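A.B. asks: Dropping a structure here in structure tokens format, bear with me for questions.
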Amino acid sequence: MDLTPDLFRKVMEVSGVAMAIRGPDLKPIYANNAFLSHYGYTRLEVDTLSAEKVLPDETIALYAEEVLPAIRAGESWEGEHAIRTKSGRQCVVWSRFDPVLDSQGRVTHVISVMREASDSGLVRSALSMTERHLHFLSENTRDCLFRLNLETGTYDYISPGVTCMTGYTPQEFYGVVRPLRNMVPEEWRKVMDERWEELLSGRTDPEHVMPIVNKNGTLRWLSLRFTLVRDCCGKPVAVEGIMTDATQTKLAEEALKANEQKYRLLVENISDVVWTQDDARRFTYATPSAEFLWGYPLEELLQLDHRELFTPESRKRMEAISQARMQDEKEGRYSLNREVYEHLRKDGTSIWAESVVRRTFDEKGNPLGYLGMTRDITERKQAEDALLESETRFRTLFEDSPISLWEEDLTRLKAYFDQLKTEGVQDFRQFFYDNPDKLAHCATLVDVVGVNKATLELLRAKSKEDLLGNLDKVLTESSMAAFTEEMILLASGGCEYCGEITHRTLEGDIIWVVVHFLVPPEYEDSLSRVIVSLIDVTPRKRAEQALMESEERYRVVVENTREGVAVVKGAETVFVNEAMGRILGYSGEELKSVSPLDRVHPEDRELARKRFSDLDSGREKEGVAVLRIVTGQGAFRWVTLNVKSIMWGGEEARLKMLSDITPHKRLEEELRVAHAEMEKRVRQRTAELSESNAKLTREIQEREKAQAHILSLTQQLIRIQEDERQRISCDLHDKVAQDLSSTVLSMETLFDGYTIIDPEILARGKAVAGVVRRTIAEVRDIAYGLRPPALDQLGLTRTLEQLCSDTAERSGLNIDFSAVGIENVSLDFDTEINIYRMIQEALTNVVRHAGATGATVRLVKSHPDLLVRVSDDGRGFELNRRRAEIVAERRMGLTSMEERARLIGGAMEIRSRLGAGTRIILKIPLTAARRR
1 MDLTPDLFRK
11 VMEVSGVAMA
21 IRGPDLKPIY
31 ANNAFLSHYG
41 YTRLEVDTLS
51 AEKVLPDETI
61 ALYAEEVLPA
71 IRAGESWEGE
81 HAIRTKSGRQ
91 CVVWSRFDPV
101 LDSQGRVTHV
111 ISVMREASDS
121 GLVRSALSMT
131 ERHLHFLSEN
141 TRDCLFRLNL
151 ETGTYDYISP
161 GVTCMTGYTP
171 QEFYGVVRPL
181 RNMVPEEWRK
191 VMDERWEELL
201 SGRTDPEHVM
211 PIVNKNGTLR
221 WLSLRFTLVR
231 DCCGKPVAVE
241 GIMTDATQTK
251 LAEEALKANE
261 QKYRLLVENI
271 SDVVWTQDDA
281 RRFTYATPSA
291 EFLWGYPLEE
301 LLQLDHRELF
311 TPESRKRMEA
321 ISQARMQDEK
331 EGRYSLNREV
341 YEHLRKDGTS
351 IWAESVVRRT
361 FDEKGNPLGY
371 LGMTRDITER
381 KQAEDALLES
391 ETRFRTLFED
401 SPISLWEEDL
411 TRLKAYFDQL
421 KTEGVQDFRQ
431 FFYDNPDKLA
441 HCATLVDVVG
451 VNKATLELLR
461 AKSKEDLLGN
471 LDKVLTESSM
481 AAFTEEMILL
491 ASGGCEYCGE
501 ITHRTLEGDI
511 IWVVVHFLVP
521 PEYEDSLSRV
531 IVSLIDVTPR
541 KRAEQALMES
551 EERYRVVVEN
561 TREGVAVVKG
571 AETVFVNEAM
581 GRILGYSGEE
591 LKSVSPLDRV
601 HPEDRELARK
611 RFSDLDSGRE
621 KEGVAVLRIV
631 TGQGAFRWVT
641 LNVKSIMWGG
651 EEARLKMLSD
661 ITPHKRLEEE
671 LRVAHAEMEK
681 RVRQRTAELS
691 ESNAKLTREI
701 QEREKAQAHI
711 LSLTQQLIRI
721 QEDERQRISC
731 DLHDKVAQDL
741 SSTVLSMETL
751 FDGYTIIDPE
761 ILARGKAVAG
771 VVRRTIAEVR
781 DIAYGLRPPA
791 LDQLGLTRTL
801 EQLCSDTAER
811 SGLNIDFSAV
821 GIENVSLDFD
831 TEINIYRMIQ
841 EALTNVVRHA
851 GATGATVRLV
861 KSHPDLLVRV
871 SDDGRGFELN
881 RRRAEIVAER
891 RMGLTSMEER
901 ARLIGGAMEI
911 RSRLGAGTRI
921 ILKIPLTAAR
931 RR
């Protein structure tokens, strides 16, 4: 076959080697694409540029001194030299110049071959990179690479891309003989057998297209391109190739035939306008849709100045862009232009349209005109404007929102997560736990785009810069834990997080916030916009903490009360205290399965049923009964059982309170027996009593008068005592204390006027002054103890509160005082001073004798009485034994308290048990205690 010029040109074009045909003066006449790519110039530029433009001075000298002499001598020349690319960069290349001689031995042309000087190194590097790329492509491309063993009919290798085409995994192909034959339709199997025989004989076409039935039952077309692999003897042993899903191509080929017929109809009826213009920008062609777009018939459009299709503002922009494009074209830069303009229609209305324009060239490469397509995008422009308005509205809402809002860009963080996944990280929780420095690196990849005003107010920041520059001060340990969870969530593909954390304001205050982290659906792939909100819940958290403390105090009271308490929800006992176990005679675990109602004495069960029937039916919320129970040891106890409905954990439950009244019942029985005996004696001595009645009546009256007189005298004595205390207190405070104060002043000025004073005398003077000062303090304490002035100035409640506080400070006890319901109660002075003295005496006893760590004082209005309770957690005592000791030791503490209670018409009750502390209860009738 003859090598024609066209064939030679085609060979050069497809060659990857930079080649050029030159004249005898070495000026290029023709150059292939590889040659042009080295320089970066177009073929037209190479034809017109001078040698000085593309070659450095040393290369021009090399051509003149070495290359041209060798060529003229009919010899080849090869070696390295420098060239200058279009960008101005110099690079070293290797070139070979071979002369072409005519029949007379004259040089007619020169063939040059060029490559980079380091081609061998580049080839090795490219080969290594190609191997890596080939492995990557084989594992990730949708095409399938394979090697088929012709001896066994099985695949030595097949890439994962086969799954997309056939529905079967590579593992399902291995070990199966000619699996593709089993997938083709029945009518194609004969063809497959013929091609197999051709392969075995060493004959085959390099490309086949065949149908298969996918695992899901659909028909797919495959394109197979392969080569035969032969052994050293030339025998075919394998086939290596690539398998491509040609289904779409096959369908496209079939559709193309139909589409070719429809193309012209489509072009003529398309809503987009396809048009051409000459080099002067005059329309030469336009599809019929131009009339719908601009309102001009085709004949008018071809005569129209195209600038009349633009609004004045768009026209100015279009002309500026045209000037810039013309300047680029002068420098040989041709590009596709896509612009949006506002157009004017023939009827004067305006529309928005997008135009895509590219240059057209003649066969010689000279600019010929323009080809463009214009599309009506008015609706899209309106949508974009609406989106812009929506974004503006979002910004306004963002800035003015009362909730703290953060807008963050996590694009860099997303790239980092993708990198970690590529490196094989799957369990990000374990990864961040093992690599805390990586978690810290994640924090540097978070870009805060903006924060609103509420954020600055919440964190006490002066500005956004102030906040972002001090973010490390805002974060707490809780914040970092939440940040870790957010990073794990995002890295694992999550898009939303919510939790409660703490932050620290820039002023150093700790606040509680609910953080809500959300990635909008449209940004889930890039994480380029993330919205974080913070809601201040500090008041709620403080209230919860206060509630927990209140619940803890309640539990302490319930656990230490003498009454048995149990809470039953359904059939389950959810709470029971130790007192219930002591009363019923069961241990803690046994109590969970024992109810007080289960232990009711058989004779009292009917009574219990009647008393609690209304509670069971829901007509009443509370039921009370006095009855007998049988303890776990078989003993009988009299108890008061109180059952009421409550809410426990948000659900209905029953509160059962059990009070042991066995001692009271025994006392009642003793009283009943004594009463019967007394009745008997009364009957026996009725006569005697009748006779003595007048005498006894007179005696009783005299005794009552005497008792009243004694009471009156006692009251007067106490009043006189208090008055005397007040007088002594005033004398101590106003006279003794003042005199002592004057003494201190005299001591301090004793040596005034003396220039020389014996240091020992001065020290003694100061010591005496110190003793006097302490004496003043003690005198004032005595005066305050004799008559607390706060009682007149602040009232009973504040005075008692001060008494508890002073006692706690002196003794180290934890004294809890509270007064409930007495704000509007006015008491006479006798009542107030006696209540004060009784509580003072009670606290003195607690400090001196109880061995307690804490005490409580309660002042409660419980109509019609005023109740005073003083209790401690000390060692307690046996009441009767203690009373006997008081008489024997002639102590007046408790006795004086009882006497004071009687003087104001009240009563005092003392409850104490060894190891369970002491409780004193004063009950004072309000009718007797009102201020007169």
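Just so you know, the sequence shown maps onto residues 1 to 932 in UniProt numbering. Positions of the beta carbon are idealized from the N, C-alpha and C atoms, including for glycine. These numbers were taken from a predicted model, which means no experiment stands behind them.
Ends of the alpha helix (DSSP H) at V191?
C.D. replies: Position 191 of the sequence shown, counted from the first residue, corresponds to residue 191. Here the alpha helix (DSSP H) through V191 covers 189-201.
A.B. asks: Would you check if the segment 625-639 and the segment 584-599 touch, i.e. whether three or more CB-CB distances between them fall below 8 Å?
C.D. replies: The segment 584-599 vs the segment 625-639: in contact.
A.B. asks: Assign S593 to one of three DSSP states: helix, strand, or coil.
C.D. replies: Along the sequence shown, one-based indexing puts residue 593 at 593. Correct three-state label for S593: coil.
A.B. asks: Let me know the secondary structure DSSP gives G906 once reduced to three states.
C.D. replies: Looking up residue 906 in the sequence shown gives position 906. Of the three classes helix, strand and coil, the one that applies to G906 here is coil, per DSSP.
A.B. asks: Give me the Cβ distance between S401 and N452, rounded to the nearest whole Å; I'm assuming they're in contact under 8 Å.
C.D. replies: The residue given as residue 401 occupies position 401 in the sequence shown. The residue given as residue 452 occupies position 452 in the sequence shown. 6 Å between Cβ atoms; contact.
A.B. asks: What separation, rounded to the nearest whole angstrom, lies between the Cα atoms of D2 and Q90?
C.D. replies: Here residue 2 refers to the residue found at position 2 when the sequence shown is read from its first residue. Here residue 90 refers to the residue found at position 90 when the sequence shown is read from its first residue. Caution is warranted here: a pLDDT of 49 is assigned to D2, below 50, making its placement in the model unreliable, and the coordinate value is therefore given only provisionally. Answer to the nearest angstrom: the Cα atoms are 40 Å apart.
A.B. asks: If you drop the 5 nearest sequence neighbours on each side, which residues of the same chain put their C-beta closer than 6 Å to that of E899?
C.D. replies: In the sequence shown, counting from the first residue as 1, residue 899 sits at position 899. Closer than 6 Å at the Cβ level, and outside the excluded window around E899, lies no residue.
A.B. asks: Taking just the CA atoms, how far does E194 sit from W221?
C.D. replies: On the sequence shown, position 221 is the one that residue 221 refers to. On the sequence shown, position 194 is the one that residue 194 refers to. Distance between the alpha carbons of W221 and E194 is about 19 Å.
A.B. asks: Skipping 5 residues on each side, what residues in its chain have a beta carbon closer than 6 Å to that of E291?
C.D. replies: Locating residue 291 in the sequence shown gives position 291, counting from the first residue. Closer than 6 Å at Cβ, skipping near neighbours: P297.
A.B. asks: With a floor of 4 residues, list each alpha helix (DSSP H) that falls wholly inside the segment 571-645, ordered by position along the chain.
C.D. replies: Those alpha helix (DSSP H) runs which fall completely within the segment 571-645 and span 4+ residues are 578-584, 588-591, 605-617.
A.B. asks: Identify the continuous alpha helix (DSSP H) that holds F432 and give its terminal residues.
C.D. replies: As a first step, residue 432 is located in the sequence shown; it is residue number 432 there, counting from the start. Segment 428-434, the alpha helix (DSSP H) holding F432.
A.B. asks: Suppose you measure from the CA of K414 to the CA of S526; what does that come to, to the nearest Å?
C.D. replies: On the sequence shown, residue 414 is found 414 positions in, with the first residue counted as 1. On the sequence shown, residue 526 is found 526 positions in, with the first residue counted as 1. So the alpha carbons of these two residues sit roughly 7 Å apart.
A.B. asks: Spell out the partners DSSP gives A20 in its beta bridges.
C.D. replies: On the sequence shown, position 20 is the one that residue 20 refers to. For A20, which the question treats as bridged, DSSP gives the partners A31, S112.
A.B. asks: Out of A252, C233, E75, G372, state which residue places its alpha-carbon closest to the alpha-carbon of R281.
C.D. replies: The residue given as residue 281 occupies position 281 in the sequence shown. Ranking the options by Cα distance to R281, first place goes to G372.
A.B. asks: As a quick exercise: from R380, Y334, Q382, pick the residue whose alpha carbon is nearest that of F361.
C.D. replies: As a first step, residue 361 must be located in the sequence shown, where it is residue number 361. Among R380, Y334, Q382, the Cα nearest to that of F361 is on Y334.
A.B. asks: Within a Cβ cutoff of 7 Å, which residues of the same chain sit near S120, ignoring the five residues on either side of it in sequence?
C.D. replies: On the sequence shown, position 120 is the one that residue 120 refers to. Note that S120 scores 48 on pLDDT, short of 50, meaning its location in the model is unreliable; the coordinates nonetheless yield the value given after this. The answer is none, since no qualifying residue turns up.
A.B. asks: In its own chain, which residues sit with a C-beta less than 7 Å from the C-beta of L44, not counting the 5 before and 5 after it?
C.D. replies: On the sequence shown, residue 44 is found 44 positions in, with the first residue counted as 1. Closer than 7 Å at Cβ, skipping near neighbours: G365.
A.B. asks: Strictly by DSSP, which residues pair up with Y155?
C.D. replies: Indexing the sequence shown from 1 puts residue 155 at position 155. DSSP, once it has assigned bridges, lists L148 as partnering Y155.
A.B. asks: Let me check understanding here. Comparing Cα to Cα, which of W638, Y63, G623 lies closest to E644?
C.D. replies: Start at 1 with the first residue of the sequence shown, and residue 644 comes out as number 644. Checking the sequence shown, residue 644 turns out to be Lys, not Glu. The residue with the shortest Cα to Cα distance from K644 is G623.
A.B. asks: With DSSP as the reference, label L410 as helix, strand or coil.
C.D. replies: Taking the sequence shown and counting its residues from 1, one reaches residue 410 at position 410. It is coil, neither helix nor strand.
A.B. asks: To the nearest angstrom, report how far apart E407 and V176 are at their CA atoms.
C.D. replies: Position 407 of the sequence shown, counting from 1, holds the residue named residue 407. Position 176 of the sequence shown, counting from 1, holds the residue named residue 176. So the alpha carbons of these two residues sit roughly 57 Å apart.
A.B. asks: Can you name the start and end residues of the beta strand (DSSP E) that K235 belongs to?
C.D. replies: To locate residue 235, count along the sequence shown from 1; it is residue 235. No beta strand (DSSP E) contains K235, which DSSP labels as neither H nor E.
A.B. asks: Among P69, Q248, Y41, whose alpha-carbon lies nearest the alpha-carbon of N33?
C.D. replies: Indexing the sequence shown from 1 puts residue 33 at position 33. The residue with the shortest Cα to Cα distance from N33 is Y41.
A.B. asks: For a test of the three-state rule: what should DSSP assign to H343, helix, strand or coil?
C.D. replies: Position 343 of the sequence shown holds residue 343. Three-state DSSP puts H343 in a strand.
A.B. asks: Do L251 and I212 have their C-beta atoms closer together than 8 Å?
C.D. replies: The residue given as residue 251 occupies position 251 in the sequence shown. The residue given as residue 212 occupies position 212 in the sequence shown. Contact flag unset, no.
A.B. asks: Ends of the alpha helix (DSSP H) at Y836?
C.D. replies: Taking the first residue of the sequence shown as 1, we reach residue 836 at position 836. Start and end: 829-845.
A.B. asks: Output needed for D98: all residues of its chain with C-beta closer than 6 Å, excluding positions within five of it in sequence on either side, in chain order.
C.D. replies: Here residue 98 refers to the residue found at position 98 of the sequence shown. So the list reads S76, I111, once near-sequence residues are dropped.
A.B. asks: What separation, rounded to the nearest whole angstrom, lies between the Cα atoms of G202 and T249?
C.D. replies: In the sequence shown, counting from the first residue as 1, residue 202 sits at position 202. In the sequence shown, counting from the first residue as 1, residue 249 sits at position 249. About 29 Å.
A.B. asks: Sorted by chain position, which residues of the same chain lie with C-beta nearer than 8 Å to S741's C-beta, five sequence neighbours on each side aside?
C.D. replies: Reading the sequence shown from its first residue, position 741 is the one you call residue 741. Same-chain partners within the cutoff: I776.
A.B. asks: In this structure, how does DSSP classify residue 935 when only helix, strand and coil are distinguished?
C.D. replies: No information on residue 935 is available, as it lies outside the stretch 1 to 932 that the chain covers here.
A.B. asks: Using a Cβ-Cβ cutoff of less than 6 Å, which residues in the same chain neighbour S164 once the five nearest sequence positions on both sides are dropped?
C.D. replies: For the purposes of this step, residue 164 is taken as the residue at position 164 of the sequence shown. Looking at the sequence itself, residue 164 is Cys, so the reference to Ser does not match. Within the same chain, C164 has close Cβ partners R142.
A.B. asks: Roughly how many angstroms separate the alpha carbons of T349 and L293, rounded to a whole number?
C.D. replies: Position 349 of the sequence shown, counting from 1, holds the residue named residue 349. Position 293 of the sequence shown, counting from 1, holds the residue named residue 293. Going from the Cα of T349 to the Cα of L293 covers about 11 Å.
A.B. asks: DSSP beta-bridge partners for L475?
C.D. replies: For the purposes of this step, residue 475 is taken as residue 475 along the sequence shown, with counting starting at 1. Paired residues: H503.
A.B. asks: Note the first and the last residue of the continuous beta strand (DSSP E) segment covering residue 941.
C.D. replies: Any answer about residue 941 is impossible in this case: the structure gives the chain only from 1 up to 932.
A.B. asks: Can you tell which of V357, R599, A625 has the C-alpha that lies nearest to the C-alpha of L607?
C.D. replies: Translated into positions along the sequence shown, residue 607 becomes position 607. Ranking V357, R599, A625 by Cα distance to L607 puts A625 first.
A.B. asks: For G167, which of F146, N214, E187 has the nearest alpha-carbon?
C.D. replies: Against the sequence shown, residue 167 aligns to sequence position 167. Looking at the Cα atoms, N214 is the closest of the given residues.
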